[in-house]
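Everything below concerns the one structure shown next.
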Amino acid sequence: MTDTKSSSPEASGDQTPDQTPYRVLARKYRPSTFDELVGQEALVRTLANAIDRGRLAHAFILTGVRGIGKTTTARIIARALNCIGEDGKADKPTITPCGVCDACVSIAEDRHVDVLEMDAASHTGIDDVRDIIDGVKYAAVSARFKVYIIDEVHMLSRNAFNALLKTLEEPPEHVKFIFATTEIRKIPVTVLSRCQRFDLRRVESNELMTHFGNIAKQEGAELEDEAL
14 MTDTKSSSPE ASGDQTPDQT PYRVLARKYR PSTFDELVGQ EALVRTLANA IDRGRLAHAF
74 ILTGVRGIGK TTTARIIARA LNCIGEDGKA DKPTITPCGV CDACVSIAED RHVDVLEMDA
134 ASHTGIDDVR DIIDGVKYAA VSARFKVYII DEVHMLSRNA FNALLKTLEE PPEHVKFIFA
194 TTEIRKIPVT VLSRCQRFDL RRVESNELMT HFGNIAKQEG AELEDEAL
């Protein structure tokens, strides 16, 4: 009996050699530099001044509604702290990470050994924080700073916050903390007072329209202003 099914890539769902895997727009156009951040000029300006003057905080806390870009911003900060430039000779943080050096690429791909991310929603206990405290003692392997990014930090238990507090009070020079939260009121005042706080604001409609319009052009789509 003859098989009448087509064996073409289109029929089978396989990708042809010249096709690239589809990426959702939220990931494809995720900001990778401060210039690409939309609507957060105050944060960028503050960090730029701190970097220029060499007065960087040892801990940052980013707060805002879900989807505003807290974790993405944390990763950009990590790159700014550790970028070594295209020639590999940069010896201090920069507000304009190159995006091509080993540090920038590995941080963007979430595989840098010195930039550690933890979701506090699933790691709420004191034992999880003890792992961080133990690691803080050791210098960075290949980066300028060892960076700990803790998402949904408000989910940590009281004991976990207390254990973390000592490290925040006397942080090693080679360590930076970046916390992200949607519930800033649930963070103990003792922790808040030891962090530089950034409130990521909602992006205005006209800014979003311009941003979405630029994405539509890059995707080869035409959208009316009313649709935007």
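Heads up: the sequence shown is residues 14 to 241, going by this note's numbering.
In this text, a Cβ means the ideal position worked out from N, Cα and C, and glycines have one as well.
Query: Can you grab the Cα-Cα spacing for the pair L181 / G80, in whole Å?; Result: 27 angstroms
Query: Over the uninterrupted beta strand (DSSP E) stretch that includes M131, give me the two end residues.; Result: V128 to D132
Query: Which residue marks the beginning of the beta strand (DSSP E) containing D100, and which one marks its end?; Result: Per DSSP, D100 belongs to no beta strand (DSSP E) and is neither H nor E.
Query: Since I89 contacts S45 with CB under 8 angstroms, what's their CB separation in whole angstroms?; Result: 7 angstroms
Query: Grab the span of the alpha helix (DSSP H) containing A39 for me, first residue to last.; Result: L38 to K41
Query: Closest to R215 by C-alpha separation, out of V37, R40 and L50, would be which residue?; Result: L50
Query: Would the beta-carbon of E130 fall within 8 angstroms of that of C114?; Result: no
Query: So for A193, helix, strand or coil by DSSP?; Result: strand
Query: Taking C-alpha atoms, which residue in L213, F211 and A240 lies nearest to F225?; Result: A240
Query: Nearest by alpha-carbon distance to Y42: which of L236, N227, A70 and M222 is it?; Result: N227
Query: By how many angstroms is the C-alpha of E237 removed from the C-alpha of I139?; Result: 52 angstroms
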